[in-house]
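Undergrad: When we follow this note's numbering, the leftmost residue of the sequence shown carries the number 89, and every step to the right adds one.
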Amino acid sequence: FIFSSVMPAASCQPIMNLSRVTLSFLTSTGTSPSNTSHRRSLATLLTMSSGRKISQVVPPTASGPISRLIGTVDVDGKGTNHPLPQVDPFMLLDQGILTESDKPPFGAHPHRGHSVVTVLTQGQVKSWDSFAQTDTVVKAPASYWVDAGSGVFHDETTVVPDPSDPGQHVSLFQLWISVKEEDRIKPAAVQYDTNLPTVDAKDAEGNVVGTILYYVGGGVSIQTPHPVTVAFITQEPGTVLKFPIDPTHGGFAVHIKGAAKYGDTMTETTQVNVVHELANADALETHLEVATPDGDSPANYLVCVGEKIGEPWFKKLVANGAVIAKSAEEAREIASRVEGYSKNGLPKGNFAPFGVAPSLNQE
Numbered sequence: 089f090i091f092s093s094v095m096p097a098a099s100c101q102p103i104m105n106l107s108r109v110t111l112s113f114l115t116s117t118g119t120s121p122s123n124t125s126h127r128r129s130l131a132t133l134l135t136m137s138s139g140r141k142i143s144q145v146v147p148p149t150a151s152g153p154i155s156r157l158i159g160t161v162d163v164d165g166k167g168t169n170h171p172l173p174q175v176d177p178f179m180l181l182d183q184g185i186l187t188e189s190d191k192p193p194f195g196a197h198p199h200r201g202h203s204v205v206t207v208l209t210q211g212q213v214k215s216w217d218s219f220a221q222t223d224t225v226v227k228a229p230a231s232y233w234v235d236a237g238s239g240v241f242h243d244e245t246t247v248v249p250d251p252s253d254p255g256q257h258v259s260l261f262q263l264w265i266s267v268k269e270e271d272r273i274k275p276a277a278v279q280y281d282t283n284l285p286t287v288d289a290k291d292a293e294g295n296v297v298g299t300i301l302y303y304v305g306g307g308v309s310i311q312t313p314h315p316v317t318v319a320f321i322t323q324e325p326g327t328v329l330k331f332p333i334d335p336t337h338g339g340f341a342v343h344i345k346g347a348a349k350y351g352d353t354m355t356e357t358t359q360v361n362v363v364h365e366l367a368n369a370d371a372l373e374t375h376l377e378v379a380t381p382d383g384d385s386p387a388n389y390l391v392c393v394g395e396k397i398g399e400p401w402f403k404k405l406v407a408n409g410a411v412i413a414k415s416a417e418e419a420r421e422i423a424s425r426v427e428g429y430s431k432n433g434l435p436k437g438n439f440a441p442f443g444v445a446p447s448l449n450q451e
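(1) Since Lys403 and Val163 are thought to touch, with beta carbons under 8 Å apart, how far apart are those beta carbons, to the nearest angstrom?
(2) Is it buried or exposed for Leu372, if we count other Cβ within 10 angstroms and need 16 for buried?
(3) Could you tell me which residues DSSP puts in a beta bridge with Trp264?
(4) Which of helix, strand or coil does DSSP assign to Val146?
(5) State the DSSP-derived secondary structure class of Arg156, mapped to helix, strand or coil.
(6) Report yes or no: do the stretch 202 to 217 and the stretch 233 to 251 share at least 3 C-beta pairs separated by less than 8 Å?
(7) How should Lys227 be labelled, buried or exposed, when 16 other C-beta atoms within 10 angstroms of its C-beta is the threshold for buried?
(8) Can you give the beta carbon distance from Val225 to Phe340, rounded, assuming they're within the 8 Å contact cut?
(9) Output the distance between the C-alpha atoms of Gln210 and Ala292, rounded to the nearest integer angstrom.
(10) When you compare only the Cα positions, how much space is there between His197 and Val426?
(11) Terminal residues of the continuous beta strand (DSSP E) containing His242?
(12) Counting only the same chain and skipping the five closest in sequence on each side, list residues whose C-beta sits under 7 Å from that of Pro325.
(13) What number of angstroms, rounded off, separates the C-alpha of Thr117 from the C-alpha of Ala276?
(14) Can you check which of these residues, Val318, Tyr350, Ile321, Tyr389, is closest to Val342 by C-alpha distance?
(15) Skipping 5 residues on each side, what residues in its chain have a beta carbon closer than 8 Å to that of His257?
(16) According to DSSP, is Asp250 part of a helix, a strand, or is it coil?
(17) Check Gly195 in the structure and name its three-state DSSP category.
(18) For Phe219, which beta-bridge partners are listed by DSSP?
(19) Reducing DSSP to helix, strand and coil, say where Gln256 ends up.
(20) With DSSP as the reference, please indicate the residues paired to Pro332 in a beta bridge.
(21) Out of Glu269, Phe261, Leu263, Ser309, which one is the CA nearest neighbour of Thr282?
(22) Return helix, strand or coil for Val163, following the three-state DSSP convention.
(23) By Cβ distance below 6 Å, which residues in the same chain neighbour Lys345 in space, the five residues on each side in sequence not counted?
(24) Of the residues Pro335, Thr336, His364, His337, which one's Cα is nearest the Cα of Ala348?
(25) Which residues in the same chain have their Cβ closer than 6 Å to the Cβ of Asp223, if we skip the five residues on either side of it in sequence?
(26) Could you check the C-alpha separation between Pro193 and Thr245 for me, to the nearest Å?
(27) Per DSSP, what kind of secondary structure is Gly428 in: helix, strand or coil?
(28) May I ask which residues mark the beginning and end of the beta strand (DSSP E) holding His314?
(29) Since Ile397 and Val318 are thought to touch, with beta carbons under 8 Å apart, how far apart are those beta carbons, to the nearest angstrom?
(30) Please report the straight-line C-alpha distance between Ser112 and Thr322, rounded to a whole angstrom.
Given below as structure tokens:
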């Protein structure tokens with residue numbers, strides 16, 4: 089899906105080695121570090137560490153069935169105006185609940201210069217890309233990852249056999265992730281995983297307080313250009329969970345259901361799709377602490393963290409998709425050629441790559 093080009097303007101990793109091993113020790117129902125002293129040292133480090141702070145809390149910008157959570161207009165002011173333009177390495181996040189088949193009706197549209205992952209939490213989607221040129225139906229829970237690289241045409245639509253059944257409606261997040269300039273000239277690649285790992289979420293005393301379903305990282309088969317973790321967490325009421333995060337990584341938590349307090353925020357969040365951006369951390373801020381109030385209902389939230397890229401990027405919306413480049417000029421030039429491809433059509437098997445703008449490549 090490329091929601092950014094159709095929503096009207098509105099106002100409004102695996103994680104680092106220490107974190108991954110510690111999380112395994114605290115949450116996995118399977119293997120854990122075998123060395124007792126090593127386990128003790130990891131537990132001690134986590135106990136001594138402090139939690140990540142929250143730099144800002146941002147509500148969604150809604151438009152029909154789609155909500156913009158991260159990302160704003162392109163270099164020419166087109167698209168959806170939203171107050172949170174990016175959270176390095178994340179460029180865009182949309183959430184949608186779609187109740188009919190063949191939505192959205194964009195057709196094949198371009199991606200260039202970024203990674204895109206569809207986090208499918210309910211229902212089914214049918215995907216196609218210009219390399220494989222075959223339809224693939226993916227059922228939730230599933231991850232569908234596209235490394236756009238130098239360019240790919242892609243299509244993704246809902247499959248809802250019975251629109252009257254809410255259990256068949258499609259619920260998903262789509263996340264755009266920044267890459268380094270060297271990754272933007274590589275061939276595109278597509279991956280998906282429907283065998284996602286789930287582990288117990290345990291508090292500091294070892295009590296099971298919920299579950300963690302990984303969509304990226306945490307044992308998911310998808311190979312990412314740079315470390316990224318996407319985890320859907322269900323946490324029981326009246327509990328505290330410390331989710332390990334590399335202190336050098338950027339990211340956020342999205343509140344989905346119930347009530348929870350994130351990091352150092354003073355109030356509980358109950359509104360759906362509110363983003364809690366992680367502040368920059370020091371070396372001892374190695375986890376995000378989430379506390380849920382007493383009650384009968386668990387909380388659901390999505391944690392997305394990844395290695396910061398720290399390189400400039402510019403987005404140009406085109407043909408229901410987007411081109412990402414290192415400058416606004418290059419983005420516009422590549423987009424002009426992509427728009428021609430989209431309007432005129434190309435022989436089967438000859439869609440991509442778009443590459444870099446020829447005049448800029450000659451410099």
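Even for Gly, the Cβ is constructed at its ideal location relative to N, Cα and C. Note that this is a predicted model, so its numbers are computed, not measured.
TA: With the structure as the only source:
(1) Position 315 of the sequence shown, counted from the start, is the residue given in the question as residue 403. Position 75 of the sequence shown, counted from the start, is the residue given in the question as residue 163. So it is a contact: roughly 7 Å between Cβ atoms.
(2) Position 284 of the sequence shown, counting from 1, holds the residue named residue 372. Classification for Leu372: exposed.
(3) Position 176 of the sequence shown, counted from the start, is the residue given in the question as residue 264. Looking at the DSSP assignment, Trp264 forms a beta bridge with Leu180, Val204.
(4) Counted from its first residue, the sequence shown places residue 146 at position 58. In this structure, Val146 counts as strand in the three-state DSSP scheme.
(5) Position 68 of the sequence shown, counted from the first residue, corresponds to residue 156. In the three-state reduction of the DSSP assignment, Arg156 falls in the strand class.
(6) These segments touch.
(7) Within the sequence shown, residue 227 is the residue found at index 139, counting from 1. Label assigned to Lys227: exposed.
(8) The residue labelled residue 225 in the question sits at position 137 within the sequence shown. The residue labelled residue 340 in the question sits at position 252 within the sequence shown. That belief does not hold up - the Cβ atoms of Val225 and Phe340 are roughly 30 Å apart, past 8 Å.
(9) For the purposes of this step, residue 210 is taken as residue 122 along the sequence shown, with counting starting at 1. For the purposes of this step, residue 292 is taken as residue 204 along the sequence shown, with counting starting at 1. Cα to Cα, the separation comes out at about 31 Å.
(10) By one-based count along the sequence shown, residue 197 stands at place 109. By one-based count along the sequence shown, residue 426 stands at place 338. C-alpha separation (whole angstroms): 9 Å.
(11) The residue labelled residue 242 in the question sits at position 154 within the sequence shown. Segment 240 to 247, the beta strand (DSSP E) holding His242.
(12) Within the sequence shown, numbered from 1, the residue matching residue 325 stands at position 237. Excluding positions up to five away in sequence, the list reads Thr380, Pro381, Asp382, Gly383, Asp384, Ser385, Pro386.
(13) To locate residue 117, count along the sequence shown from 1; it is residue 29. To locate residue 276, count along the sequence shown from 1; it is residue 188. Bear in mind that a pLDDT of 34 at Thr117, under 50, signals an unreliable position, so the number given afterwards is only what the model happens to contain. Straight-line Cα distance between these residues: approximately 36 Å.
(14) One-based indexing of the sequence shown puts residue 342 at position 254. Cα-wise, what sits closest to Val342 is Tyr389.
(15) Counted from its first residue, the sequence shown places residue 257 at position 169. Closer than 8 Å at the Cβ level, and outside the excluded window around His257, lie Ile185, Leu186, Thr187, Gln210, Gly211, Val248, Pro251.
(16) The residue you call residue 250 lines up with position 162 of the sequence shown. Coil at Asp250, not helix or strand.
(17) Residue mapping note: residue 195 aligns to position 107 of the sequence shown, counting from 1. In this structure, Gly195 counts as coil in the three-state DSSP scheme.
(18) Reading the sequence shown from its first residue, position 131 is the one you call residue 219. DSSP output for Phe219 lists no bridge partner at all.
(19) As a first step, residue 256 must be located in the sequence shown, where it is residue number 168. Three-state result, Gln256: helix.
(20) Within the sequence shown, numbered from 1, the residue matching residue 332 stands at position 244. Note: Pro332 sits in a beta bridge opposite His375.
(21) Residue mapping note: residue 282 aligns to position 194 of the sequence shown, counting from 1. When each option's Cα is compared against that of Thr282, the closest is Ser309.
(22) Here the question's residue 163 lines up with position 75 in the sequence shown. Three-state DSSP puts Val163 in coil, outside helix and strand.
(23) Here the question's residue 345 lines up with position 257 in the sequence shown. Once the five neighbours on either side are set aside, the close Cβ partners of Lys345 are Asn388.
(24) For the purposes of this step, residue 348 is identified with residue 260 of the sequence shown, where counting begins at 1. The shortest C-alpha separation from Ala348 is found at His364.
(25) As a working mapping, residue 223 is identified with position 135 in the sequence shown. Hits under 6 Å: Lys214, Trp216.
(26) By one-based count along the sequence shown, residue 193 stands at place 105. By one-based count along the sequence shown, residue 245 stands at place 157. Their Cα atoms are separated by approximately 7 Å.
(27) Here residue 428 is taken as the residue at index 340 of the sequence shown, counted from 1. Helix, per DSSP.
(28) The sequence position of residue 314 within the sequence shown is 226, counting from 1. Run containing His314: none; DSSP gives neither H nor E here.
(29) Stepping through the sequence shown from its first residue, residue 397 is reached at position 309. Stepping through the sequence shown from its first residue, residue 318 is reached at position 230. Actually they do not touch by this definition, with Cβ atoms about 16 Å apart.
(30) On the sequence shown, position 24 is the one that residue 112 refers to. On the sequence shown, position 234 is the one that residue 322 refers to. Confidence in Ser112 is poor, its pLDDT being 35 and thus under 50, which makes the residue's placement too unreliable to answer from.
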